[in-house]
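Using my numbering, you'd call the opening residue of the sequence shown number 11 and step up by one each time. Ideal Cβ positions, reconstructed from N, Cα and C, are used throughout, including at glycine. Written below as C-alpha cells is the structure these notes are about.
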Amino acid sequence: SLRNRVPDLLVSFDPSTGVARSVWNAVGYLTGEDPAGPGTGNPGGSSPLDQLPTSGSPGPGMTAAGVAVGEEGLAEALDFVRDNLDLFGLSPSDLGEYEVTDSVYSKVSDSTHTYLRQLYREIPVYNGQLQLNVGRGGRLLSVNNAFVAFLASSVNTTEPALTAGQAVEQAAR
Numbered sequence: 011s012l013r014n015r016v017p018d019l020l021v022s023f024d025p026s027t028g029v030a031r032s033v034w035n036a037v038g039y040l041t042g043e044d045p046a047g048p049g050t051g052n053p054g055g056s057s058p059l060d061q062l063p064t065s066g067s068p069g070p071g072m073t074a075a076g077v078a079v080g081e082e083g084l085a086e087a088l089d090f091v092r093d094n095l096d097l098f099g100l101s102p103s104d105l106g107e108y109e110v111t112d113s114v115y116s117k118v119s120d121s122t123h124t125y126l127r128q129l130y131r132e133i134p135v136y137n138g139q140l141q142l143n144v145g146r147g148g149r150l151l152s153v154n155n156a157f158v159a160f161l162a163s164s165v166n167t168t169e170p171a172l173t174a175g176q177a178v179e180q181a182a183r
C-alpha cells in the first residue's frame, strides 16, 4: 500500500468531496529510491531542501541536472497519480486529456512545478488543475489535485448556451 511505501505520507482532503487535494511525504519524496539507500526517501531525516547544491546554477529553462524544465519526472509523477486514482477520486478517463499550462523551475528548492489543465473534448475545464512538484532525480515531492472527478459523467453539454456577444451583453448589465 501507499502508506507502507511512504510511512510519513500526509494527505489533505477536500471536505465536500472527500478526495485527496494535496499529497506529500513529510520527510522526503513520494517516488523513487533515495541514493543513500531504501527508507523514507532522505538520509538522516533531512528535508529535500537540505540537499540543495551549494554552488552552480542551471541554465535558463533547465534544472540543476541539465534536464529541460517539465521533462524530468513528469511520466513518473503521472504514473503515481494513475496508481492512486482512488485516493485522488479520479477515473482513468479523468487523466486521459490534459495540457501542460506551465512548468516552472525553482532554484530555491531545485524542483520543477508542472501544472496540467484538465480538458474535455479539447475544451479546458474551469479550475481543473493538477500540480506535480518534482525534485532532483525526477522524484515526486507532492501532488495538488483539483481535477474534476468522473468528468465525463458530469458534463451535460459542450455547446455554449450563449454566443460571445450575448455573454458580453449580460456581463455589462
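Which stretch, first to last residue, makes up the alpha helix (DSSP H) that contains residue i?
i	result
N14	12-15
L150	L150 -> not in any alpha helix (DSSP H); beta strand (DSSP E) instead, spanning 150-155.
A181	174-182
R92	84-93
V171	As written in the sequence, residue 171 is Ala, which differs from the Val given in the question. Where A171 is concerned, there is no enclosing alpha helix (DSSP H), given that its DSSP letter is neither H nor E.
S163	161-164
Inspect the beta-carbon positions of residue i and residue j and report whether they are closer than 8 Å.
i	j	result
L97	V33	yes
G106	L150	no
F160	D93	no
G148	E86	yes
F23	R31	yes
G121	V144	The residue you asked about is not Gly; residue 121 is Ser in the sequence shown. Yes. Within cutoff.
L40	V21	no
T173	G99	no
L142	T124	yes
Y136	V165	no
DSSP has residue i in a bridge; who is on the other side?
i	result
Y201	In the structure displayed, the chain extends from 11 to 183; residue 201 sits before or after that span and is not available.
D112	Y125
N143	H123, S152
L19	N35
A30	F23
Should residue i be flagged as near chain D, meaning a C-beta pair shorter than 8 Å?
i	result
T168	Within the model displayed, chain D is absent; a lone protein chain is all it includes.
Since I believe residue j is in contact with residue i (beta carbons under 8 Å), could you give me their beta-carbon distance rounded to a whole number of angstroms?
i	j	result
I133	T168	6 Å
V158	Q128	6 Å
A156	Q139	5 Å
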